Amino acid sequence: MPILSAIAWTPLVGLLAVLLLPNRALTAIRATAIGAAAISFVLSWSLLFRFDRASAGLQFEERYPWIPELGMTYAIGVDGLSLPLLLLCSLVTLVAFIASLGITERVKAYFAFLLLLEFAMLGVFLAQDWFLFYVFWEVSLVPMFFLIGLWGGARRDLATMSFFLYTLGGSIFMLLGIIAVYLNADPHTFDMRELAERGRGWTVAFQIGPFLAFFLGFAVKIPVFPLHGWLPLAHVEAPTPVSIVLSGVLLKMGGYGLLRVAGLLPGALEWFAPFLLALGLVNILYGALLAWRQTDLKAMVAFSSIDHMGFVLIGIAALNVVGFTGALLMMVTHGVITGALFLLVGALYERTHTRELGDYGGLISRMPAFSILLTLAMLASMGLPGLAQFVSEFHVLVGAFQRWGLFVVVALIGILVTAAYSLRVVGQALMGPLDPRWAGIADLRGRELVAVVPLAALMIGIGLFPSAALSLTGPTLETLGALFVAR
Amino acid sequence: MPDYNLSYFYVFAFFVAAAIFITLLLGLARLIAPRKVTVEKARTYESGEEPVGQAWSRYPTHFYVFALLFVVFDVEVIFLFPWAVLFRTLGWYGLVEMVIFIAILVVGLYYAWRKKALNWY
Amino acid sequence: MSNVLAVMPEIVVTVVATLVLLVDTMLPRRAERGWLALLTVAGLLVALVSGPFVTVPGTAFNGFVQIDTFTTFSRVVFIVLAIFAVLVAPGYLARHDIPAGEYYAIVLFSTVGAMTIALSNDLITLFLGIELMSIPVYALAGMQRHDRYSNEAALKYFLLGAFSSSLLLYGFAWLYGVTGTTEFGPIAAAVARTGLADGPTLIALALVTAGLSFKAAVVPFHQWTPDAYDGAPTPATAFMSVAPKAAAFAAILRLMVGGLGPLGTDWGIAFAVLAAVTMTLGNVVALAQTNVKRMLAYSSVAHTGYILAAVAAYRAGDSAGAAVLFYVIAYGLMNLGAFACLLYFDIEGTRGATLMELNGFARQEPLGALTFAIFLISLTGIPPTVGFVAKVFVIQPVLDAGLTWLAVIIALNAVLAAFYYLRVVVHLYMHETDERSAPIISERMLNVSLGVSALAVVVLGVLPDGLYAWALQAAAPLVLR
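Protein chains in written order, with our numbering: chain D, 97 to 583; chain X, 67 to 187; chain S, 741 to 1221.
Right, dumping it as structure tokens:
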């Protein structure tokens, strides 16, 4: 059985099934949608048993001609670079589906769009053809546009338009980059692996143009400092499950793309690395400081995403295996942690209808399970040793230090600020006297626990046994790292 | 100078010659002729009916339709003449062609008739 | 006899047009005229199948007519667009008291003209086709006779159209003067020999370029577009915005790429600049519109720019011609669809809906809103729709021809366009019905034809291969050697 196609297309089949169900059959719609996401999840995690950890090449490859006149193929496969993110994607999306049970308006349309989104995201991580990659990348915009625009908060018009325009503005240049690379290859091809082999031979002068075009597309998605304007808006206005997917998976598409381009245009990346480092450091400081200044809990988590994605950038700027590993691992761990954080913040908002940090207080006495999980996620987010993010931050810092030396110290300031606001949340929201308004507040319900506990388990799991994750990525990233002069 | 440019030159030369000739004649007439202005001579029509009413007058738009139909059938006749001259050489092919041509025009006339475009009111 | 067979589809369409007129007059005054549309469509389908079965490739009428893959492809495009334009019209025509028989006949006559352009192998046939295509469309714009805006549209379109035709004809005359022939093949040979050496050739080229640009609505020859599109009855606008444009590009491909191909370096750069100006101006002005119909009118100018960019990239070879053809059919489907979606709103006169009048449409008519959204997303150029694939097919030859700056301008314009297209989607979906919303009309024929074409937009977006391969074949005979 072509397992990767099954993983990617199951959500689409689920989408069709949902569309055929009558509008009022809410239970059936929810069950079908979650069922489809669960099948995708089980199938993708079953790859862990079959994935050859010693190989750097593509596995479970599938390849069919699509538009042969221009060399576009339906080529999908996984390697050490895409598998962790694929697993993250199917897990976080399933969590988002479970968190979506609270949606009561236009349920059918909601699940249809969410399934389409999952299909597109899985496709991005599976595609082994740049054109296919781009198509999935763009398809993900449409459901996101509707999800924010239809189920979002008060300023949803502005949020969804700015999300769409920012992303399209970046990605359309990526399309130019892809076509430029395609035309420069002889014979013309969109195939990622073939292009990567040819691309290494091109002059740096040529590589820089397409690289900048690619980077523009990824930078908006990551998001990199001056192009992040859409993110706080989108996060604050989006419903909780959509925020989870947005920060847990969608942002990772940018980092993943950048790592892929590292293999395609290494010369340009090397030329660009100092700027990448600078942008990464700015991201870390800017994100951390802005997160620190927020009193709106959701906005704080949103800005902390900018902060943490900065680590991905400097991990890539390190241009060595350790840095790349850190960057990739950072994406996975951040996806897990931030997914949990948005879930918990969403659950709290549902109960209190406020996101102001000052309104809370002493919640631990009424919501023990919630408090423990929030504390765990906050500690993981600030990079406490023994939890997942520590491993990735450590890799990033070691890798970057090897290449850039003391510049990396700036990142440490970011970590410090992160610790400050994370602990402030724990202190102000959970400790202290209980506000009488929240006297009757209920702890996490069953389905909320089902959604968040696997994420929490993963935070601890990766933190304690990082080798399980590292063994997946090893050979692929070794090959990638070998392209750059070691330092 | 290439041939075709030369032929443009001839046309141009013709224009120039015509212009000079006319200017010359009119100028000469003005110089030689005696001039006696009277009231009668200054009228629009030196001899004949006085104009009555305004030059801008309204008339039924039906005339447009008639004018149009007239032009159509006028053009039809223009096509019929050369066809009639060459009737023998063109043979059956020409006859069929002409029947189709006329049939299309007849359909148009029929349409105008049915749409009451031929009624005066 | 083989001459007659060569133009069989054209003859069939002409006969159907005459037949529709006759049947219309024979029906009683108050009779239901909905099935006249079906008669028209049936006739068009006969013409569609008669093409491949009856006509043989080659030249006919002593070299005046050329039947090749390009002709066959274009015939299908024009017939499909005409079918679509006829199917969405009946309800509107009945409501606004527009003579249905005349409407269908005019669409058919215009289609014959467009088809004639596609089979022309000679300046005379080409001009005949262009006039036969344009003149009925002038009448189409003014069909809502008691509406002032419709009259304005018809008059403006006619005056500027006639002006451009005369420019074009004058250009043809110069071209004949320079080359001594009206047939494309010998013209190509002659200009290949002389190049742009002397003034007369330059004048001919400039006049022809300007004349064709008028027909295709290229900036700065686009001024008639917004008023003509805005004032014409909406189903007529839907047809006007796609078929004459497709025909104009067929003419550009036949004459510029074919006959004047050897002068490509000269008109190529002119077209590249015109393309950049056209798409930018069209999009920028469209941003400021609050009336959706007028916005779509300006956006169609912008799309002209994208298509022209592919023409300018003629150096990339067949892929440039194929890009033009593919974009033309993609644009035809989605733009006709988008205009036709305005037929859901019952509004006085010929005016289209404003953004406010669209509020809450998705709640009242979910499927209609979905088709509208699909057309708009396709016009924006987002996968999985045909608009996206078409844009990729255009960018590919543009980059291949070394026009990187033009590709960047296309990219920037795509973002500009996304803003105003999505604003419509926002009003459709994300605003609730209020007192400003327009009353909605739902008709089965409109629903079905829009649904089918929206489906086609998506299917062609996912599986464009067959159509693109065909477009490549069709583009192959264009360059005369």
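Even for Gly, the Cβ is constructed at its ideal location relative to N, Cα and C.
Note that this is a predicted model, so its numbers are computed, not measured.
Return helix, strand or coil for alanine 223(D), following the three-state DSSP convention. Here DSSP, grouped into helix, strand and coil, assigns alanine 223(D) to strand.
Amino acids of chain S, ordered along the chain, whose beta-carbon sits closer than 8 Å to that of tyrosine 177(X): Those are Leu761, Leu762, Thr765, listed as they occur along chain S.
Please report whether the beta-carbon of valine 138(D) lies at a distance below 7 Å from any beta-carbon of chain S. With a threshold of 7 Å between beta carbons, valine 138(D) makes no contact with chain S.
Taking only beta carbons into account, state which residues of the segment 1166–1194 of chain S come closer than 9 Å to chain D, listed in chain order. Listed by position, the residues of the segment 1166–1194 of chain S near chain D (Cβ gap below 9 Å) are Val1166, Tyr1169, Met1170, His1171.
Buried/exposed call for methionine 766(S), threshold 16 Cβ in 10 Å: Methionine 766(S) should be labelled exposed.
Please tell me whether, using a cut-off of 6 Å, the distance from the CB of methionine 527(D) to the nearest non-hydrogen atom of the ligand PLP is below it. As presented, the structure is devoid of all ligands, the ligand PLP included, so that no description of it is given.
For leucine 554(D) and valine 188(D), I'd like the C-alpha separation in whole angstroms. Our two residues, leucine 554(D) and valine 188(D), have alpha carbons roughly 11 Å apart in a direct line.
Measuring CB to CB, does isoleucine 402(D) end up less than 7 Å from glycine 376(D)? Contact: no.
Does leucine 346(D) get closer than 7 Å to chain S when you measure Cβ to Cβ? Closer than 7 Å: no.
For the structure I just gave you, are there three or more beta carbon pairs, one from the segment 1104–1114 of chain S and one from the segment 1159–1171 of chain S, closer than 8 Å? When C-beta atoms of the segment 1104–1114 of chain S are compared with those of the segment 1159–1171 of chain S, three or more pairs fall below 8 Å, so the two segments count as touching.
Using three-state DSSP, classify glycine 114(X) as helix, strand or coil. Three-state DSSP puts glycine 114(X) in coil, outside helix and strand.
Going residue by residue through the segment 805–877 of chain S, where are the continuous beta strand (DSSP E) segments of at least 3 residues, counting only ones entirely within it? Listed in chain order, the beta strand (DSSP E) elements of length 3 or more contained wholly in the segment 805–877 of chain S are 805–807.
So, using beta-carbon positions, are alanine 978(S) and alanine 825(S) closer together than 7 Å? Between alanine 978(S) and alanine 825(S), the CB-CB gap stays under 7 Å.
For isoleucine 823(S), tell me which candidate among Val1068(S), Leu1073(S), Pro797(S) has the shortest Cα-Cα distance. Looking at the Cα atoms, Leu1073(S) is the closest of the given residues.
Since valine 174(D) is in the beta strand (DSSP E), which residue starts that stretch and which ends it? The continuous beta strand (DSSP E) containing valine 174(D) extends over residues 168–174.
Glycine 1201(S) burial status per 10 Å Cβ neighbour count (16 or more: buried): Classification for glycine 1201(S): buried.
Which residues in chain S sit within 8 Å of glutamate 234(D), going by Cβ to Cβ distance? Neighbours of glutamate 234(D) across chain S, judged by C-beta separation under 8 Å: Ile1122, Pro1123, Phe1128.
What are the residues that DSSP puts in a beta bridge with threonine 799(S)? DSSP lists Gln806(S) as partners of threonine 799(S).
Since valine 173(X) meets chain S, which of its residues come closer than 8 Å, beta carbon to beta carbon? Using a Cβ-Cβ cut-off of 8 Å, valine 173(X) is close to Thr758, Leu761, Leu762 of chain S, given in chain order.
Quick check on the DSSP output: the alpha helix (DSSP H) that includes leucine 180(D) runs from which residue to which? It is proline, not leucine, that sits at residue 180(D) in the sequence shown. Per DSSP, the unbroken alpha helix (DSSP H) holding proline 180(D) starts and ends at 178–195.
Using DSSP with H/G/I as helix, E/B as strand and the rest coil, what is proline 966(S)? In this structure, proline 966(S) counts as helix in the three-state DSSP scheme.
Are the C-beta atoms of tyrosine 1054(S) and some chain D residue less than 7 Å apart? Under the 7 Å criterion on CB atoms, tyrosine 1054(S) is classed as non-interfacial with respect to chain D.
Along chain S, in chain order, which residues have C-beta atoms closer than 8 Å to that of lysine 181(X)? Correct list: Thr765.
What does phenylalanine 813(S) reach in chain D if we use C-beta pairs closer than 9 Å? Ordered by position in chain D, no residue passes the 9 Å Cβ test against phenylalanine 813(S), which lies about 15 Å from the chain.
Would alanine 387(D) and phenylalanine 307(D) be called neighbours here (beta carbons separated by less than 7 Å)? No.
For a quick check, are the C-beta atoms of valine 114(D) and alanine 129(D) less than 7 Å apart? Going by C-beta atoms, valine 114(D) is nearer than 7 Å to alanine 129(D).
Can you tell me which of the three DSSP states glutamate 1097(S) falls into? Three-state DSSP puts glutamate 1097(S) in a helix.
What's the C-alpha gap between leucine 584(D) and alanine 564(D)? With chain D running from 97 to 583 in the structure shown, residue 584(D) is simply not present.
Hey, is isoleucine 268(D)'s beta-carbon within less than 7 Å of any beta-carbon in chain S? With a threshold of 7 Å between beta carbons, isoleucine 268(D) makes contact with chain S.
Between which two residues does the beta strand (DSSP E) containing phenylalanine 399(D) stretch? Note, phenylalanine 399(D): premise wrong, no beta strand (DSSP E); alpha helix (DSSP H) at 393–413.
Nearest chain S C-beta to isoleucine 163(D) closer than 7 Å, yes or no? So yes, isoleucine 163(D) belongs to the interface.
Strictly under 7 Å for the Cβ-Cβ distance: is phenylalanine 1101(S) near chain A by that measure? Structure shown: chain A not included; protein chains present are D, X and S.
Mind pulling the chain D residues with CB within less than 8 Å of phenylalanine 1159(S)? Correct list: Met257, Leu261.
Contact check, leucine 848(S) vs alanine 986(S), beta carbons under 7 Å: Judged by their CB atoms, leucine 848(S) and alanine 986(S) are not nearer to each other than the 7 Å cut-off.
With a threshold of 7 Å between beta-carbons, can tyrosine 1208(S) be considered close to chain D, or not? By this cut-off, tyrosine 1208(S) is an interface position.
What residues in its chain sit with their C-beta under 6 Å from that of alanine 1130(S), if we drop five residues either side in the sequence? Closer than 6 Å at the Cβ level, and outside the excluded window around alanine 1130(S), lie Phe1066, Tyr1067, Ala1070.
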